[in-house]
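S.K.: Last residue of the sequence shown? That's 279 in our numbering, and every number before it is there in order.
Where is the CB? At the ideal position from N, CA and C, for every residue including glycine.
All of these numbers come straight from a predicted model, not from anything done at the bench.
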Amino acid sequence: MPRHERKRSKSGIYHVMLRGINRQILFEDDEDKQKFIETIKQAKEKSGYKILGYCLMDNHVHLLIEEGKEVLEVAMKRIGVSYVYWYNLKYKRSGHLFQDRYKSEPVEDEGYLLMVLKYIHQNPLKAEMVSRVGDYSWSSYHEYNGTPMIVDSDFVLGMFCNDQQRLIHYLAEDTEVSEGSILDVRETSKLLDEDVKEIIEKAIGNMSLSELRNVEKGKRDEILRELKQVDQLSIRQIARITGFTINIVARA
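1. Would you kindly work out how many angstroms separate the C-alpha atoms of Leu194 and Gly173, rounded to a whole number?
2. Quick check on this structure: which residue in Leu140, Gly245, Leu79 has the alpha carbon closest to the alpha carbon of Ile177?
3. Counting along the chain, where does the beta strand (DSSP E) carrying Ser131 start and finish?
4. Specify, as a first and last residue, the run of the beta strand (DSSP E) that Val43 falls within.
5. Look at the alpha carbon of Lys71 and the alpha carbon of Glu94, and state the distance between them as a whole number of angstroms.
6. Under three-state DSSP, which class holds His89?
7. Identify which residue in Phe54, Lys119, Ala102 has its Cα closest to the Cα of His87.
8. Excluding sequence positions up to five away, which residues of its chain have a Cβ less than 8 Å from the Cβ of Glu170?
9. Determine contact between the stretch 46 to 53 and the stretch 142 to 153, defined as no fewer than three beta-carbon pairs at a distance below 8 Å.
10. Who are the Cβ neighbours of Leu184 in its own chain at under 7 Å, not counting the five residues just before and after it?
11. Does the stretch 157 to 169 come close enough to the stretch 109 to 128 that 3 or more CB-CB pairs lie under 8 Å?
12. Where do the N-terminal and C-terminal ends of the beta strand (DSSP E) with Tyr76 fall, by residue?
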């Protein structure tokens, strides 16, 4: 199937999502996340892009990025090649780490930019990894709330009349973001929930769903890995039907 040409942004700003191939974990520990941030910083110096926001999840990354002297494709290649080389050396592995083609969407107006920025920062909250946005260490929230390291904060702060506390309140406010066309980690599943439940019940045999939630971690993760291999079955559906968090399913 031929690839569709990417939509170009007139503003030069994009919401980008990188995913692990076959839903693989991208960051095993905090050292990996710190290395990825350093990689963004190093590539930034060469590509001249601006980072308006980011969030590193376990098996995917969200970036809000403004093109610089190099187009988005070149900048993303710089980031990917450098991090994968380091990751493969550390874990004595070879081959691809990221899904072959990152996803991107143009961000053309300030209203949508703010919506995307809030959505990115609330990813850990939606995944039930934390109870407050500020409790998650690996997003640009802390750079907007402190000293910027890789984030170019002036543009977004200017939208709040340089009132840092107003911006922080907006990012942390526990309100539902209307996702609409916002780029999301979930896949479009062609399976109905009743079909998903039947697949899960077949996989766990005589065990009930409530028993699955209490089974020891090794067995649980083995079953979840088997379910993630089923075509058209999304992580969100597995989590919803089994009662596990998205994070538990993603890490299995």
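M.R.: Reading it off the structure:
1. Using only the alpha carbons, I get a separation of about 12 Å.
2. Leu79
3. Here the beta strand (DSSP E) through Ser131 covers 130 to 133.
4. 40 to 46
5. 10 Å
6. strand
7. Phe54
8. Met176, Ile177, Val178, Ser180
9. no
10. Within the same chain, Leu184 has close Cβ partners Gln191, Leu194.
11. no
12. Element bounds for Tyr76: n/a, residue is neither H nor E.
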